[in-house]
Amino acid sequence: MSFLIDNGTGWRRVAVDDSFPYRAFVDPNALPTGSTSRIVAVSRFADGTLVPSGIATFTNTK
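Just so we're aligned, residue 3 is where the sequence shown starts under this note's numbering, counting upward by one.
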């Protein structure tokens, strides 16, 4: 499972977790206070198929 974040500068991968429970941690100090970001998880299957989760939006309040 790959986790990608977009804080207005384009999507970038921030974490990969290959075992359940799949999770990622975002350092709030790496994002400007008050900024709004989007995050998505993407699964890649053995045949190469990519399946994204829904996109979650959050505001960094530190």
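We put the beta carbon where it would ideally sit given N, CA and C, even for glycine. From a predicted model like this one, the values you see are computed outputs, not experimental measurements.
Rounded separation between residue i and residue j - CA only
i: P34; j: F47; result: 34 Å
i: Y24; j: S37; result: 25 Å
i: T59; j: F22; result: 23 Å
Range covered by the beta strand (DSSP E) that runs through residue i
i: L52; result: L52 to P54
i: V44; result: T38 to R46
i: A26; result: Careful: A26 lies outside any beta strand (DSSP E) and carries neither H nor E.
i: D8; result: S4 to D8
Sequence-distant residues of its chain with Cβ nearer than 6 Å to residue i (five each side left out)
i: A17; result: F5 and A26
i: P30; result: N62 and K64
Cβ-based neighbour list, residue i, same chain, cut-off 8 Å, excluding 5 preceding and 5 following
i: L52; result: V44, S45 and R46
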